[in-house]
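Only one structure is covered here, and it is reproduced in the block below.
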Amino acid sequence: MSTPDRGPGHWPGPRERWATSRCVKVNVEFHSEPRRKKNDWIGGLKKNSGSVGISESVSESDEDTFPPLASGAAVPSSNLTKRLQQRDNKTTPLCFSVSLYCGNVWSLERGLGVKRFAVLLCAQDSEYMRSQYGGYHGVFKGMLGEEGAVWDVYRVSAGELPDDGEIELYDGFVITGSCNDAHGDDAWICELVSLLRKLDSMKKKVLGICFGHQILGRALGGKVGRAESWDIGLTTIQLSPSSKHFSSLELPAQLSVIECHRDELMELPEKAELMAWSDKTGIEMFRYGDHMMGIQGHPEYTLDILLHLIDRLVLRDLITESYADDLKANMGTCEPDREAWEKLCINFLKGGFL
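Residue numbering for the sequence shown follows my numbering, beginning at 105 and increasing consecutively.
Structure follows, in structure tokens:
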């Protein structure tokens, strides 16, 4: 599949990185007895569906090269994984490498228990965001990414969405904010609505942020519309005392979050639960079943990102310069409750509190 040339400095999408990563070498080091029989560790790999060629070599004093195994995607057996987890650092290491050619890397990751998430990017990264944060993908990965997890990005606003086969590979998705209206009928927005309904039917974890919160509500049957005015700045939201999920995380009754929106979710989808509200916005958070959650604010934002976004809104004639100056003058230096938001969002994506 050909991929578009987006110029230098862009973050490659999953299909691009797959096309350029057709040979993957996995280096494994055993700390156990200094010598093993060759066939002892060859049996640590087992075949699965797919097509792959495998070549193995042992390093220590034995440099024999073994012929490729029969065609089939390589995934670690439970025996190999167990030996990796129980290695003894005090003994002489035995090292070997396994090279997978044109294989299904995602199958290998799944066999190792690697978690994979995707950012559904609904905005175009500015040069500033790319240089300072690695784009919005980098912002979310920095906030939500845990060691060992893999984070991909799909540029949804550019028409790039995961296909059915790719959806199966992910443990969860995060929908970003956007300057577009969640109640609009742009082609990519309608395609995103269809994708979210599919993810709902598959019970995939989905976290929607700002525009993502609104479009998720729309896809599930809620009503989205224009608010009375812009809401930009640090806002205090009230968490629902009836929600047992907040108490399980020992969160305070109120949280501060950066907001930047003029649309809002006005009516909840049927069977959705209201999780938080503010003086200005009636639906600040909601959840739908155990697998979907929307947050109107931007828990991933810092004040630096907000100041940059305000300037972008002026350039796009979405707000006036005088309004932007007033916002900056009254903003102060208080940061949002990022630690609490990280805990809440990570636990949701991991299935820890819903």
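For each residue, glycine too, the CB sits at the ideal point set by N, CA and C.
Keep in mind that this is a model prediction, so the values were computed, not measured.
>> Let me check understanding here. Comparing Cα to Cα, which of 426, 442, 338, 353 lies closest to residue 436?
In response: 338
> If you follow the alpha helix (DSSP H) that residue 293 is part of, which residue opens it and which one closes it?
Replying inline: 291-305
> Which residues mark the beginning and the end of the alpha helix (DSSP H) in which residue 460 is found?
Replying inline: This structure leaves residue 460 out entirely; the chain is present only between 105 and 458.
> Taking buried to mean at least 16 other C-beta atoms within 10 Å of its own C-beta, is residue 259 buried or exposed?
Replying inline: buried
> Roughly how many angstroms lie between the CA atoms of residue 389 and residue 235, to the nearest whole one?
Replying inline: 31 Å
> Could you give the C-beta distance for residue 240 and residue 223, rounded to a whole number, given that I count them as a contact under 8 Å?
Replying inline: 7 Å
> Alpha carbon to alpha carbon, how far is residue 380 from residue 386?
Replying inline: 8 Å
> Between the region 444-458 and the region 409-418, do three or more beta carbon pairs fall short of 8 Å?
Replying inline: no
> Hey, is residue 389 close to the ligand GTP, as in C-beta under 8 Å from one of its heavy atoms?
Replying inline: Of ligands this structure carries none, so the ligand GTP is not represented either.
> Just checking my contact of residue 328 with residue 287 at CB under 8 Å: how many whole Å lie between their CB atoms?
Replying inline: 4 Å
> Which ranges would you report for the alpha helix (DSSP H) in the region 316-388 if only whole runs of at least 4 residues count?
Replying inline: 348-352
> What number of angstroms, rounded off, separates the C-alpha of residue 225 from the C-alpha of residue 294?
Replying inline: 15 Å
>> Can you find the residues in the same chain that come closer than 7 Å, C-beta to C-beta, to residue 378, ignoring five residues on each side of it along the sequence?
In response: 344, 372, 387, 390
> Would DSSP call residue 223 helix, strand or coil?
Replying inline: strand
>> For the pair the region 413-425 and the region 311-329, tell me if three or more CB-CB distances fall below 8 Å.
In response: no
> Which value, in whole angstroms, describes the spacing of the CA atoms of residue 352 and residue 455?
Replying inline: 13 Å
> Do you know offhand how far residue 346's Cα is from residue 356's?
Replying inline: 13 Å
>> Taking the straight line between their C-alpha atoms, what separation do you get for residue 301 and residue 361?
In response: 28 Å
> Name the DSSP beta bridge partners of residue 233, please?
Replying inline: None; residue 233 has no bridge partner.
> The alpha helix (DSSP H) spanning residue 258 covers which residue range?
Replying inline: Unbroken run through residue 258 is the beta strand (DSSP E), 254-259; no alpha helix (DSSP H).
> Mapping DSSP to helix, strand and coil, what is residue 397?
Replying inline: strand
> residue 313 lies in the beta strand (DSSP E); which residues open and close that run?
Replying inline: 309-313
> Are the beta-carbon atoms of residue 257 and residue 312 separated by less than 9 Å?
Replying inline: no
>> Using only CA atoms, which one of 400, 273, 238, 283 lies nearest to residue 303?
In response: 273
> What do you get for residue 291, buried or exposed, if any count of 16 or more other CB atoms within 10 angstroms of its CB means buried?
Replying inline: exposed
>> Quick check: the Cα distance between residue 305 and residue 432, rounded to an integer number of angstroms?
In response: 43 Å
> Alpha carbon to alpha carbon, how far is residue 275 from residue 310?
Replying inline: 9 Å
>> Relative to the C-alpha of residue 252, which candidate in 218, 314, 246 has its C-alpha closest?
In response: 218
> In chain order, what residues of the same chain have a beta carbon less than 6 Å from the beta carbon of residue 382, not counting five sequence neighbours either side?
Replying inline: 339, 341, 388
> Can you give the beta carbon distance from residue 453 to residue 248, rounded, assuming they're within the 8 Å contact cut?
Replying inline: 7 Å
> Which residues in the same chain have their Cβ closer than 7 Å to the Cβ of residue 227, if we skip the five residues on either side of it in sequence?
Replying inline: 240, 261, 280, 281, 282, 283
> Apart from the five residues on each side of it in sequence, which residues of its chain come closer than 6 Å, Cβ to Cβ, to residue 384?
Replying inline: 335
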